[in-house]
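J.:
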Amino acid sequence: MLIHKVIDFQARNLGDAPMLGEAGGDCLTYAEGAARVHRMAHVFSDLGVGRGDRVAILAQNQPDAVLAVVALAHLGAVAAVLNWRLAPAEIAEIVTDLEPAAVLAPDDELLPLLDMWRKTAATVAPVIDRADWTARVDAAEDTPFSGPDIGEDDTVLQLYTSGTTGLPKGVRMTHRNLVAAWQRTQVAASFRTRPGDTELLVAPIFHIGGIGPALFCFFNGARMLTCRTFHPVETARILAEERIAYLFMVPAMIHAMVAMVPNLADYDFSALRLIGYGASPISDTVLKQAIEVFGCGFCQYYGMTEATGAIVCLSVEDHEKALNGRPDLLLSAGRPGPDVEFRVVGPDGRDMPAGETGELVFRSPSSSSGYWRRPEETKATMADGWVRSGDAGYVDADGYVFVRDRVKDMVISGAENIYPTEVEKILIRHPDIGDVAVIGVPDERMGESLLACIVPRDGTGNAAALSAEAVTEFCRPHLAGYKIPRRIALMDSIPRNASGKILKTVLREPYWATRERRVS
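Heads up: the sequence shown begins at 1 in UniProt numbering, then just goes up one per residue.
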């Protein structure tokens, strides 16, 4: 299937059914949405965009930014959705790497960023701002666009990796990748929306957890409402008033809603059937509170940009088991999807037995074909169709995947290998801890030792409960002695990128800045 052909089919099949709109604004029907996509395709064609060209999209979550991805598919062009939260110099680096045929920037809110970026960018591509874009689309030919013959293995989307270290890499995704990811997600979660349902988009579209669900919503024939950015109180209001059936959030968003929305239990969430989450651990306390107040199923997704989204799912049923006698399951990412081949390999490349830790590698129809203009990195990460996740973990006898940490984040203390994520998953259960990151810091005797960077719950916390001694006692029943942090640092917030991943290089930098041996 081709994503633009699916939208055309839905327009013929569903016609006047609601398709897409900004929360609080007007909503396009499927017929209107498809017609607007075709006008957009004419606009891009008139700008000289053709098959294989890249078009950068710099926008918050808004309907036209999503529809532009589909419009470019008609031309066989590639939509590269950029992270508008980056600094202008960082955006300029990515655009230089991309060499786009055009840059679409339809948000007035981003004009200051766009002006700063123009001063540093090397591209000579035309930049279309909101006023220019609106005028062009309104004046465009209102006829079906006839583009080149496109195949399922043509690249349609390019997202840049989070770049927690080094320059982000452009991950290429094909029509086949997106369709496979859509099919797997529904089977693994035992859930799908349908015509008449409404989804809410709060995850940013420059992340696969944002643009993926938006496109999948159209594949299902449901309605998608977009929020330009995430605000806890506003999200709660929209969930109730618009009768939302599904949304995806990172755990920090869920925690913000539980902690910051007054009288959250008074909202009517009866239409909500599933909340998907991923990108970082969630505390038992927050999860239980969220399940109680939202009254719906929860599903955890584990994946990466190179997988076109989720490859492992901790289902609603798994969550129910975890909260009824199997708390260990909450430490798991879940089980691989039905079309995912999954392996755990040791340093020598051999498969590890159940329960033994190694690097998680996978192969699936949604696996990216490679990085844009990075043949050596593509070869190193995606050899023979097997994608190296960079995550260390294991698979238990029941097939559940346990992610211990990033391979590069492993701490070696006194010759013992320690995976900080394993420690974080225990600490986040503490009732006075709102967020946490564990890093390795220099230790004259052990080489490295663990430091727990802790954000007290609700910004205050109980100082005595979060002393180093108290944290040690809390961890003792759950962790081997050498895995327990002996030092803590109380912080106002944990630095994260736009995908919700902890920026551990930022946390480590003050401790390793003067050391010859650096933690990568």
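Ideal Cβ positions, reconstructed from N, Cα and C, are used throughout, including at glycine.
Considering only the alpha carbon of each residue, which of P195, G481, G309, E359 lies closest to V171?
T.: In the sequence shown, counting from the first residue as 1, residue 171 sits at position 171. Nearest of P195, G481, G309, E359 to V171, Cα basis: G309.
J.: If you count every other CB in all the chains shown that lies within 10 Å of the CB of A392, and 16 or more means buried, which is it?
T.: Translated into positions along the sequence shown, residue 392 becomes position 392. It counts as buried.
J.: Evaluate M40 with the Cβ neighbour count: other Cβ atoms within 10 Å of its Cβ, from every protein chain shown; 16 or more gives buried, anything less gives exposed.
T.: Indexing the sequence shown from 1 puts residue 40 at position 40. Counting Cβ neighbours within 10 Å, M40 comes out buried, since at least 16 surround it.
J.: Going residue by residue through the stretch 177-256, where are the continuous beta strand (DSSP E) segments of at least 3 residues, counting only ones entirely within it?
T.: For the stretch 177-256, whole beta strand (DSSP E) runs of length 3 or above, ordered along the chain, are 198-201, 223-226, 246-249.
J.: Using a 10 Å radius around the Cβ and a threshold of 16 neighbouring Cβ atoms, would you call N83 buried or exposed?
T.: As a first step, residue 83 must be located in the sequence shown, where it is residue number 83. So N83 counts as buried.
J.: Check whether the stretch 313-327 and the stretch 182-193 are in contact - that is, three or more C-beta pairs closer than 8 Å.
T.: They touch, by the three-pair rule.
J.: Pairing CB atoms from the stretch 244-260 with CB atoms from the stretch 24-35, are three or more of them under 8 Å?
T.: No, the stretch 244-260 is not in contact with the stretch 24-35.
J.: Counting C-beta neighbours from all protein chains within 10 Å, is the total for V233 16 or more, i.e. buried, or is it exposed?
T.: Reading the sequence shown from its first residue, position 233 is the one you call residue 233. The residue in question, V233, is exposed, as its Cβ has fewer than 16 Cβ neighbours within 10 Å.
J.: Return the CA-CA distance between M352 and Y482, expressed in angstroms with no decimal places.
T.: Looking up residue 352 in the sequence shown gives position 352. Looking up residue 482 in the sequence shown gives position 482. Whole-angstrom Cα-Cα distance: 24 Å.
J.: Helix, strand or coil, according to DSSP, for A265 in the structure here?
T.: Locating residue 265 in the sequence shown gives position 265, where the first residue counts as 1. DSSP places A265 in helix when its eight states are reduced to three.
J.: Measure how close the beta-carbons of S413 and M382 come, nearest whole angstrom, since I'm counting them as under 8 Å.
T.: Residue mapping note: residue 413 aligns to position 413 of the sequence shown, counting from 1. Residue mapping note: residue 382 aligns to position 382 of the sequence shown, counting from 1. With 8 Å as the limit, S413 and M382 do not qualify as a contact, their Cβ atoms being about 32 Å apart.
J.: Suppose the cutoff is 6 Å on Cβ atoms and the five residues either side in sequence are ignored; what does the same chain contact list for R136 look like?
T.: If you number the sequence shown from 1, residue 136 lands on position 136. Within the same chain, R136 has close Cβ partners V43.
J.: Return the CA-CA distance between D53 and F248, expressed in angstroms with no decimal places.
T.: Working through the sequence shown from its first residue, we reach residue 53 at position 53. Working through the sequence shown from its first residue, we reach residue 248 at position 248. Approximately 30 Å between the Cα atoms of the pair.
J.: Excluding five sequence neighbours on each side, which residues of the same chain lie with their C-beta closer than 6 Å to the C-beta of L157?
T.: Here residue 157 is taken as the residue at index 157 of the sequence shown, counted from 1. Cβ neighbours of L157 beyond the five flanking positions: A79, M173.
J.: Per DSSP, which one or two residues make a beta bridge with M304?
T.: Start at 1 with the first residue of the sequence shown, and residue 304 comes out as number 304. BP columns for M304 point to G309.
J.: Skipping 5 residues on each side, what residues in its chain have a beta carbon closer than 6 Å to that of A140?
T.: The residue given as residue 140 occupies position 140 in the sequence shown. R39, H42, V43, listed in sequence order.
J.: Keeping to the same chain, check which residues put their C-beta closer than 7 Å to that of L14; ignore five residues upstream and five downstream.
T.: Taking the first residue of the sequence shown as 1, we reach residue 14 at position 14. Closer than 7 Å at the Cβ level, and outside the excluded window around L14, lie Y30, P195, G221.
J.: Quick one: residues in its chain with C-beta nearer than 7 Å to the C-beta of E448, no 5 flanking neighbours on either side, listed in chain order?
T.: In the sequence shown, the residue the question calls residue 448 occupies position 448. The answer, listed in chain order, is V411, I412, S413, G440, V441, P442.
J.: Find the nearest neighbour of A203 within the set P148, R184, G276, judged by alpha-carbon distance.
T.: Taking the sequence shown and counting its residues from 1, the one referred to as residue 203 is at position 203. Ranking P148, R184, G276 by Cα distance to A203 puts G276 first.
J.: Any idea if D197 is buried or exposed, counting beta-carbon neighbours within 10 angstroms, 16 or more meaning buried?
T.: Stepping through the sequence shown from its first residue, residue 197 is reached at position 197. Burial call: buried.
J.: Pairs of beta-carbons, one from the stretch 340-348 and one from the stretch 356-368, closer than 8 Å: are there three or more?
T.: Yes: at least three Cβ pairs fall under 8 Å.
J.: For R343, which three-state DSSP category applies?
T.: As a position in the sequence shown, residue 343 is number 343, starting the count at 1. In the structure shown, R343 sits in a strand (DSSP, three-state: E or B).
J.: Could you tell me which of E376, P347, D268 sits nearest to C296, measuring between CA atoms?
T.: Here residue 296 refers to the residue found at position 296 when the sequence shown is read from its first residue. Closest option to C296, Cα to Cα, is D268.
J.: Among residues of its own chain, excluding the 5 on either side of G370, which ones have a beta-carbon nearer than 7 Å to its beta-carbon?
T.: Locating residue 370 in the sequence shown gives position 370, where the first residue counts as 1. Cβ within range, chain order: R172, T378, M382.
J.: Under a Cβ-count criterion, where at least 16 other Cβ atoms within 10 Å of its own Cβ denotes burial, should P213 be classed as buried or exposed?
T.: Position 213 of the sequence shown, counting from 1, holds the residue named residue 213. Buried, by the Cβ-count rule.
J.: Give the range of the alpha helix (DSSP H) segment to which T285 is assigned.
T.: Taking the sequence shown and counting its residues from 1, one reaches residue 285 at position 285. Per DSSP, T285 belongs to the alpha helix (DSSP H) from 284-294.
J.: Can you give me the C-alpha to C-alpha distance between E93 and V127, rounded to a whole angstrom?
T.: What you label residue 93 is simply residue 93 of the sequence shown in a count that begins at 1. What you label residue 127 is simply residue 127 of the sequence shown in a count that begins at 1. So the two alpha carbons sit approximately 16 Å from each other.
J.: Check whether the Cβ atoms of V438 and P456 sit closer than 7 Å, and answer yes or no.
T.: Within the sequence shown, the letter at position 438 stands for residue 438. Within the sequence shown, the letter at position 456 stands for residue 456. No.
J.: Does DSSP put S270 in a helix, a strand or coil?
T.: Your numbering for residue 270 matches position 270 in the sequence shown. In the structure shown, S270 sits in coil (DSSP, three-state: anything other than H, G, I, E or B).
J.: I'd like the span of the alpha helix (DSSP H) that includes N83, first residue to last.
T.: The residue given as residue 83 occupies position 83 in the sequence shown. N83 -> no alpha helix (DSSP H), and no H or E assigned at all.
J.: Helix, strand or coil: how does DSSP classify A397 here?
T.: The residue you call residue 397 lines up with position 397 of the sequence shown. Here A397 sits in coil by DSSP.
J.: Could you give the first and the last residue of the continuous alpha helix (DSSP H) run that contains Y160?
T.: Looking up residue 160 in the sequence shown gives position 160. Counting along the chain, Y160 falls outside any alpha helix (DSSP H), though it belongs to the beta strand (DSSP E) covering 155-160.
J.: Hey, out of F216, S389, F218, whose CA is closest to R406's CA?
T.: Translated into the one-based positions of the sequence shown, residue 406 becomes position 406. For the residues F216, S389, F218, the minimum Cα distance to R406 belongs to S389.
J.: State the start and end residues of the unbroken beta strand (DSSP E) segment that holds T174.
T.: As a working mapping, residue 174 is identified with position 174 in the sequence shown. Its beta strand (DSSP E) spans residues 170-174.
J.: Flag this pair as yes or no: are the beta carbons of R273 and Q60 separated by less than 7 Å?
T.: Counting from one through the sequence shown, the residue named residue 273 turns up at place 273. Counting from one through the sequence shown, the residue named residue 60 turns up at place 60. Taking 7 Å as the Cβ cut-off, R273 and Q60 do not qualify as a contacting pair.
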